[in-house]
């Protein structure tokens, strides 16, 4: 009884799936005891068991045999070196059942077989569902398809790119080309200042009419041609040509010509502005002799510093209206004084003055009016 109690107290080393009947005394003497689980209802092999070689192919789930056979788990295979199995809870054996032996423990000798009562079949545990195992063997059956799909996409892209390049490089003969019209840039020109009227004290008069030759006291005639006015940071320079003619019947000798230039302004009276060069001013040009009907042209330039210019003020605008004054003296003749106002061509007979607040510049187109 003590031996039976000890055997019943150690159920942790065996499981329900490893249950089998104890061998007889003759089997214990003739057949060596083997370790590992023994499948019930299968006659025990008398020869040595060969260790199964792992197959290289896929592992198929074990098929569930009909009751009362229980398929052992796949991981319970016997390897080359047996390992101790974990203890599993064992269902309580019914009364009168034979003791169950563990793995690798020999049956207790000396027990008579005749007294062994056939065990009552225990309730079989529910078979586990087969674990799905991926079939890795199908990879060798055929090549994957995605490289071909990717290659086809790349080929179509290359063909499309080649077609686009060919389309852009095709000859354009026969295709009308539209030449875009270039729009010239628009430059905003500064507004042209309106012509400034002349001061009331200086009203230009018509050119003098030819006088009859009978008067011997007025044989000399003077005409001015202004060429160019230059404005710098220091001076105002007027280039001119002066024509002197003898309208008398006798020659004129010893001609001396004096000249100067001032700016017209209201601080001087009309008589002072038209008086001509001063009596003590040195002559600038001279002519020895003029025959009757003869004319000579002399060239010169007036240079007036800005410090001596009195401008005409109109708001913030500074205007210059030059007055070129000449005095011609000859032997045996009365002196001739002429004053000319010089400006830019304006509307009608009006003259346009020069602006001093625009900085240095040159005015090539000039005109003049003579005063009596």
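In the working numbering, the protein residues as written are 7 to 378. Glycine included, each C-beta is placed from N, C-alpha and C at the ideal position.
Query: Same chain only: Cβ atoms within 6 Å of residue 261, ignoring 5 sequence neighbours per side; Result: 293, 336
Query: Pick from 312, 358, 299 that is closest to residue 366, judged by C-alpha positions; Result: 312
Query: Proximity of residue 344 and residue 304 at Cβ, strictly below 9 Å; Result: no
Query: Straight-line gap, residue 282 to residue 321 (C-alpha atoms, nearest Å); Result: 30 Å
Query: Sequence-distant residues of its chain with Cβ nearer than 8 Å to residue 317 (five each side left out); Result: 269, 271, 324, 325, 326, 362
Query: Distance between residue 153 and residue 162 (C-alpha atoms, nearest Å); Result: 14 Å
Query: Residue range of the unbroken beta strand (DSSP E) whose run includes residue 174; Result: It is not in any beta strand (DSSP E) - residue 174 instead sits in the alpha helix (DSSP H) that spans 152-174.
Query: Residue 243 vs residue 308 beta-carbon contact at 9 Å; Result: yes
Query: Own chain residues within Cβ distance below 7 Å of residue 368, not counting five before or after; Result: 234, 236
Query: Coil, strand or helix - residue 276 by DSSP; Result: helix
Query: Outcome for residue 329 when other beta-carbon atoms lying within 10 angstroms are tallied against a minimum of 16; Result: buried
Query: Residue 358 burial status per 10 Å Cβ neighbour count (16 or more: buried); Result: buried
Query: 6 Å Cβ shell around residue 172 - same chain, five flanking residues per side excluded; Result: none
Query: Secondary structure of residue 313, DSSP reduced to three states; Result: helix
Query: DSSP three-state assignment for residue 254, whether helix, strand or coil; Result: coil
Query: Bridge partner(s) assigned by DSSP for residue 245; Result: 234, 307
Query: Alpha-carbon to alpha-carbon, residue 315 and residue 267; Result: 10 Å
Query: Span of the beta strand (DSSP E) around residue 324; Result: 323-326
Query: Sub-9 Å separation of residue 348 and residue 228 beta-carbons; Result: no
Query: Inter-residue spacing [alpha-carbon to alpha-carbon] between residue 150 and residue 156; Result: 11 Å
Query: Same chain, Cβ closer than 6 Å to residue 251, five either side skipped, listed in chain order; Result: 227, 301
Query: Same chain only: Cβ atoms within 6 Å of residue 360, ignoring 5 sequence neighbours per side; Result: 326
Query: With 16 other Cβ atoms within 10 Å as the buried cut-off, status of residue 168; Result: exposed
Query: CB-CB length for residue 375 against residue 346, believed under 8 Å; Result: 7 Å
Query: DSSP state of residue 366 mapped onto helix, strand, coil; Result: coil
Query: Cβ pair residue 230, residue 249 closer than 9 Å; Result: yes
Query: For residue 261, three-class secondary structure by DSSP; Result: strand
Query: Cβ pair residue 298, residue 355 closer than 9 Å; Result: no
Query: Contacts around residue 290, its chain only, beta-carbon distance under 8 Å, and the 5 residues preceding and following it disregarded; Result: 263, 264, 265, 306
Query: Cutoff 7 Å; reference residue 238; Cβ partners in own chain excluding five residues on either side; Result: 366
Query: Rounded C-alpha distance that separates residue 296 from residue 258; Result: 5 Å
Query: Buried or exposed by the 16-neighbour rule on C-beta atoms within 10 Å, applied to residue 164; Result: exposed
Query: Candidates 350, 339, 273, 351: closest to residue 225 by CA position; Result: 339
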